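A.B. asks: Numbering (the working numbering), first residue to last: 5 to 745.
I'd like to ask you about the structure that follows.
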């Protein structure tokens, strides 16, 4: 729904075949009796041409246009007429209606029937209806499904009523000019972003070029400015890597290896590298840890890990040298290869397999070194620290595992994300880790202390990949929401305790419904239609209420101990000092004090507050219920508290000897007290019905209007029976109509 800028109309739309228009009450006269329901008054309904549901409704800047976007490729643009134009249109409508009525009357005269003419007041001052104000101007049909629409807030160009922008589901933006004759496209933004989700991102060694892959294109970006430098058509790229600053490698889902010339933005060669999809491309580093020109390694779903070397080939004397690659070695595996990682000094290579294990080999001899097992689901990503001491693995079982590279022992297993971990990377020369997952978050970890440092939220869908700059000053992530986000490191200090408190508060606010609710009791059925169920969510208010009950119980218990001690002193000594009551209780008895605290809790929060009480406090609270049930106005509250506590702590209450006496007393008292209340309410209802009948018998006021109405109907019927029939009646009506005109 949307409201026009002058706040005259509110327009709403849903899956109904029409839009509803409401008039907004502008002001209220002094002394006038009105409620909030009088602010909106239904003006009328606008029938829609499309059967699809309404997704967005937007007014333009001055309120002269309203656009209705449906859940498809269509947007309907309506013209909103001002009062003068609306009255003029209403008069034209009534004039056409009069002409149609006169034509029908002429036809009726020939048939011998009579049609009543339109009243003169309707012709002079016609009532404005919704179709007189809202007029369909244009229908805009886009090439793809529309996600959202917006009118431009600036003034439209000359000769144009408004400028409308569309966001399409293929990640493009289109802007249209709207005038009274047509809707025409002015411009569109098509080339910057990817048309589908980003599956891989990688930075070059100097951090001044960023490459991203998707299902049909590779894009080269400037990570500092966000400008798209090159767009190269390719296959479905799952992994990529830079070769210097001139060439790039892309591994595709079909198993081909694509070599891209970045300078010319062209695909120079496509190599049939594997029979299955290529999941990893990892450059082989030099012995000093820098990215060298020794070659690279690819891992594929065809069970092969292949080692490649770079070669430069010059096809002719006039052509420049082009990069090509040659397969030198192949490591055969028993399962699909999901991820490959190489230690920074090039000593070891780690291969993650579909059987949930990670195998580590010596790089030079390809002899088996370590076997890392412990994940319950396949390992999707991994990385080795820059000092070669640690390896971290991320799995579809939502866990991160940190292993030692010396003996292959698992240092720690961390439940990292609420969904699969999709990528993980070490920050260069540190043991800090960044991980991303399908839960839309980016997380920052300390692998030495095994602590979560930061949680970064911003993506609107699964995060597939990330890459980290060589200095660790920024990271780049790619997501299923088709966006690439850059996260910069700031100079602000990070306090881990504060971050822990924030996460605890967020976890508390997003409390799961099955945490402690109805642990022992049976869940209620869903409420009937039109009724409201008991809220089943723990909030700050319910926890505060539970704390208040526990504090009141503790205070009352201390007061009772002091009272008993004072009585003992009086008995032993004969005379004792005057008893000083607790100031907090405000002169109330312990039972009354606890009763007032429980009564002050909102009814909606009472059940959740009682659920949060431990069993010891619940037992204390039940000991007061017998005394409270003697107060007639608190019987309903006592029954409700007793029922919730019984449902929650039923198993413990039935096995605790101290609770049996309390339950037995309540069983005898509560039934009789509830029956008394029920009898009182029934007696009062019967008395009110009796008084109502007495009032109806003594007064005939409700029937006076009915008698008057009956007399009027009888007089009208008698007049109709006395009227002359045939031609005389038609002549009289014709004379009357000519006299009014």
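Beta carbons: idealized from backbone N, C-alpha and C, even for Gly.
Bear in mind the structure is a predicted one, so any value in this text is a computation, not a measurement.
Unbroken beta strand (DSSP E) runs of length 3 or more, entirely within the region 62-123: which are they?
C.D. replies: If we require 3 residues or more, the beta strand (DSSP E) runs fully inside the region 62-123 come out as 69-74 and 78-84.
A.B. asks: Could you check the C-alpha separation between residue 558 and residue 627 for me, to the nearest Å?
C.D. replies: Straight-line Cα distance between these residues: approximately 13 Å.
A.B. asks: As a quick exercise: from 153, 368, 348 and 629, pick the residue whose alpha carbon is nearest that of residue 670.
C.D. replies: For the residues 153, 368, 348 and 629, the minimum Cα distance to residue 670 belongs to 629.
A.B. asks: Pairing CB atoms from the region 601-611 with CB atoms from the region 569-589, are three or more of them under 8 Å?
C.D. replies: Contact fails: fewer than three Cβ-Cβ distances are below 8 Å.
A.B. asks: To the nearest angstrom, how far is the alpha carbon of residue 335 from that of residue 397?
C.D. replies: The alpha-carbon atoms of residue 335 and residue 397 are separated by roughly 21 Å.
A.B. asks: Among 637, 455 and 554, which has the Cα closest to the Cα of residue 615?
C.D. replies: Comparing Cα-Cα distances from residue 615 to each of 637, 455 and 554, the minimum goes to 554.
A.B. asks: By Cβ distance, which residues of its chain are closer than 6 Å to residue 269, with the 5 residues on each side in sequence left out?
C.D. replies: So the list reads 234 and 236, once near-sequence residues are dropped.
A.B. asks: In chain order, what residues of the same chain lie with their CB nearer than 6 Å to the CB of residue 563, ignoring the 5 residues before and after it?
C.D. replies: Correct list, in chain order: 586 and 594.
A.B. asks: Taking DSSP as the reference, what is the three-state secondary structure of residue 592?
C.D. replies: Note: residue 592 maps to coil in three-state DSSP.
A.B. asks: Output the residue ranges of the beta strand (DSSP E) runs that lie fully inside the region 407-493 and measure 3 residues or longer, sorted by chain position.
C.D. replies: For the region 407-493, whole beta strand (DSSP E) runs of length 3 or above, ordered along the chain, are 414-419, 425-430, 436-441, 445-450, 455-461, 467-472, 478-483 and 488-492.
A.B. asks: Would the region 40-58 count as touching the region 78-90 if we require 3 or more Cβ pairs under 8 Å?
C.D. replies: Touching, yes, given that three or more Cβ pairs across the two stretches are closer than 8 Å.
A.B. asks: May I ask which residues mark the beginning and end of the alpha helix (DSSP H) holding residue 658?
C.D. replies: Segment 654-659, the alpha helix (DSSP H) holding residue 658.
A.B. asks: Are the CB atoms of residue 63 and residue 134 within a distance shorter than 7 Å?
C.D. replies: In this structure, residue 63 does not lie closer than 7 Å to residue 134 by Cβ.
A.B. asks: Note down, in chain order, each residue of its chain lying with its Cβ closer than 8 Å to the Cβ of residue 82, except the 5 sequence neighbours on either side.
C.D. replies: Hits under 8 Å: 50, 69, 70, 71, 72, 138, 139, 140 and 141.
A.B. asks: CB-CB under 7 Å to residue 484, same chain, minus the five flanking residues each way: which ones, in chain order?
C.D. replies: Taken in chain order, the residues that qualify are 201, 465, 466 and 468.
A.B. asks: Count the C-beta pairs between the region 220-229 and the region 201-212 that are closer than 8 Å, then say yes if the count reaches three, no if not.
C.D. replies: The answer is yes - the region 201-212 touches the region 220-229, with three or more Cβ pairs under 8 Å.
A.B. asks: I'd like the span of the beta strand (DSSP E) that includes residue 334, first residue to last.
C.D. replies: Its beta strand (DSSP E) spans residues 326-336.
A.B. asks: In terms of residues, what are the limits of the beta strand (DSSP E) holding residue 217?
C.D. replies: Looking at the DSSP string, the run of the beta strand (DSSP E) that includes residue 217 is 214-217.
A.B. asks: Going by Cα to Cα distance, which pick from 308, 57 and 11 is closest to residue 21?
C.D. replies: Ranking 308, 57 and 11 by Cα distance to residue 21 puts 57 first.
A.B. asks: Leaving aside the five residues before and after residue 14 along the sequence, list all residues of the same chain whose C-beta is less than 7 Å from its C-beta, in chain order.
C.D. replies: Result list for residue 14: 5, 7, 26, 28 and 44, in chain order.
A.B. asks: Exposed or buried, what is residue 245 when buried is set at 16 or more other beta-carbons lying within 10 Å of its beta-carbon?
C.D. replies: So residue 245 counts as buried.
A.B. asks: Are the beta-carbon atoms belonging to residue 399 and residue 376 less than 7 Å from one another?
C.D. replies: Going by C-beta atoms, residue 399 is not nearer than 7 Å to residue 376.
A.B. asks: Assign residue 548 to one of two classes, buried (16 or more other C-beta atoms within 10 Å of its C-beta) or exposed (fewer than that).
C.D. replies: Looking at its Cβ environment, which holds fewer than 16 other Cβ atoms inside 10 Å, residue 548 is exposed.
A.B. asks: Closer than 7 Å by C-beta to residue 684: which residues in its own chain qualify, once you throw out the five before and the five after it? Chain order, please.
C.D. replies: There are no such residues.
A.B. asks: From residue 676 to residue 18, what distance separates their C-alpha atoms?
C.D. replies: Taking the straight line joining both Cα atoms gives about 53 Å.
A.B. asks: In this structure, does DSSP put residue 299 in helix, strand or coil?
C.D. replies: Reduced to three states, the DSSP call for residue 299 is strand.
A.B. asks: In chain order, what residues of the same chain lie with their CB nearer than 7 Å to the CB of residue 560, ignoring the 5 residues before and after it?
C.D. replies: Closer than 7 Å at the Cβ level, and outside the excluded window around residue 560, lie 594, 597 and 598.
A.B. asks: Using the Cα positions of residue 662 and residue 643, report the straight-line distance between them to the nearest angstrom.
C.D. replies: One C-alpha to the other measures close to 20 Å.
A.B. asks: Whole angstroms is fine: what's the gap from residue 289's alpha carbon to residue 429's?
C.D. replies: So the two alpha carbons sit approximately 16 Å from each other.
A.B. asks: Beta carbon of residue 460, beta carbon of residue 446: below 7 Å?
C.D. replies: Yes, they are a contact pair.
A.B. asks: Run the CB neighbour count on residue 333, radius 10 Å, all protein chains shown included, and call it buried at 16 or more, exposed below.
C.D. replies: Label assigned to residue 333: exposed.
A.B. asks: Is the region 276-283 touching the region 294-304 in the sense that three or more CB pairs, one from each, lie closer than 8 Å?
C.D. replies: Yes, the region 294-304 touches the region 276-283.
A.B. asks: Report the rounded CA-to-CA distance for residue 494 versus residue 392, giving the unit in angstroms.
C.D. replies: Cα-Cα distance, rounded: 27 Å.
A.B. asks: Just to confirm before moving on: does the CB-CB distance between residue 184 and residue 190 stay below 7 Å?
C.D. replies: Contact flag unset, no.
A.B. asks: Starting from residue 609, trace the alpha helix (DSSP H) in both directions and tell me its first and last residue.
C.D. replies: 607-615 is the span of the alpha helix (DSSP H), which, as asked, contains residue 609.
A.B. asks: Go to residue 566, then tell me how far its alpha helix (DSSP H) extends in each direction, as first and last residue.
C.D. replies: That run of the alpha helix (DSSP H) goes 544-577.
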